[in-house]
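In our numbering, the protein residues as written are 21 to 180.
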């Protein structure tokens, strides 16, 4: 069993080619993508999970890893953009447009964090519904943390 495939097939939203904007590791990164999706072990609980796919881990399996701060921020950007996406996605019959899976291209580091629906996921129609529901069920928990983050960013001078 290929761990990369197992995890990729659980992804709902992804940002491929992450290595091009991976901080000081850009264009030399071991990280190929970031993704959000249903947890492979807890799909029935409809939890969301941030999955990091690295080339090195394909043989070892997935293990806990220490990540640089910029990657944690990039994952937060991915989560926030996903929440924005789902505010309007209810208008689409499948919560996404199969002909245009692009969610958003966010300019970073001279390139872009390219977020799209993971069409490679054979169960995307079901799992995007589960993920959407999980975001709703966890809205209070996520909202509280995002409000704190927004306040802190404003206090630091990061205003629109």
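Beta carbons are placed, not taken as given, at the ideal position from N, Cα and C, and that holds for glycine.
task: Can you grab the Cα-Cα spacing for the pair residue 17 / residue 113, in whole Å?
output: Since the first residue shown for the chain is 21 and the last is 180, residue 17 is missing from the structure and cannot be characterised.
task: In angstroms with no decimal places, state the Cα-to-Cα distance between residue 11 and residue 32.
output: Residue 11 cannot be examined here, being either before or after the span of the chain that is shown, 21 to 180.
- prompt: Exposed or buried, what is residue 34 when buried is set at 16 or more other beta-carbons lying within 10 Å of its beta-carbon?
  reply: Start at 1 with the first residue of the chain shown, and residue 34 comes out as number 14. Burial of residue 34 is indicated by the presence of at least 16 other C-beta atoms within 10 angstroms of its C-beta.
field: Residues near residue 65 in its chain [Cβ-Cβ closer than 7 Å; skip 5 each side]
entry: Position 45 of the chain shown holds residue 65. Since pLDDT at residue 65 reaches only 42, below the 50 mark, its modelled position is unreliable, and no value is offered.
- prompt: Got a sec, what are the start and stop residues for the beta strand (DSSP E) residue 174 sits in?
  reply: Residue 174 sits at position 154 when you count from the first residue of the chain shown. Run containing residue 174: none in the beta strand (DSSP E); it sits in the alpha helix (DSSP H), 159–175.
message: Using only the alpha-carbon positions, how far apart do residue 173 and residue 124 sit?
response: As a first step, residue 173 is located in the chain shown; it is residue number 153 there, counting from the start. As a first step, residue 124 is located in the chain shown; it is residue number 104 there, counting from the start. If you take the alpha carbons of residue 173 and residue 124, they lie about 22 Å apart.
CA-to-CA distance, residue 100 to residue 45, given in whole angstroms: The residue given as residue 45 occupies position 25 in the chain shown. The residue given as residue 100 occupies position 80 in the chain shown. Residue 45 and residue 100: Cα-Cα distance of roughly 23 Å.
Three CB pairs or more closer than 8 Å across the region 88–95 and the region 36–45: Two segments are said to touch when three or more pairs of C-beta atoms, one from each, lie closer than 8 Å; by this definition the region 88–95 touches the region 36–45.
- prompt: Using the C-alpha atoms, what's the distance from residue 155 back to residue 58?
  reply: Translated into positions along the chain shown, residue 58 becomes position 38. Translated into positions along the chain shown, residue 155 becomes position 135. Cα to Cα, residue 58 sits roughly 10 Å from residue 155.
task: Report the rounded CA-to-CA distance for residue 166 versus residue 48, giving the unit in angstroms.
output: Translated into the one-based positions of the chain shown, residue 166 becomes position 146. Translated into the one-based positions of the chain shown, residue 48 becomes position 28. If you take the alpha carbons of residue 166 and residue 48, they lie about 31 Å apart.
- request: With a cut-off of 8 Å on the beta carbons, I'd call residue 116 and residue 148 a contact; round off their distance for me.
  value: By 1-based counting over the chain shown, the position of residue 116 is 96. By 1-based counting over the chain shown, the position of residue 148 is 128. By a beta-carbon distance limit of 8 Å, residue 116 contacts residue 148. Their separation comes to about 6 Å.
query: So is residue 38 buried or exposed if we call it buried at 16+ other beta carbons inside 10 Å?
result: Position 18 of the chain shown, counted from the first residue, corresponds to residue 38. If you draw a 10 Å sphere on the C-beta of residue 38, you find 16 or more other C-beta atoms in it, and that means buried.
- prompt: Is the CB-CB distance between residue 106 and residue 152 below 7 Å?
  reply: Within the chain shown, numbered from 1, the residue matching residue 106 stands at position 86. Within the chain shown, numbered from 1, the residue matching residue 152 stands at position 132. The Cβ atoms of residue 106 and residue 152 sit closer than 7 Å to each other.
- request: Mind reading off the beta-carbon distance from residue 136 to residue 122? Whole number of angstroms is fine, and I expect it under 8 Å.
  value: For the purposes of this step, residue 136 is taken as the residue at position 116 of the chain shown. For the purposes of this step, residue 122 is taken as the residue at position 102 of the chain shown. The C-beta distance from residue 136 to residue 122 rounds to 5 Å, short enough to fall under 8 Å.
query: Can the beta-carbon of residue 126 be found closer than 7 Å to that of residue 133?
result: Mapped onto the chain shown, residue 126 falls at position 106. Mapped onto the chain shown, residue 133 falls at position 113. Result yes, Cβ atoms of residue 126 and residue 133 sit closer than 7 Å.
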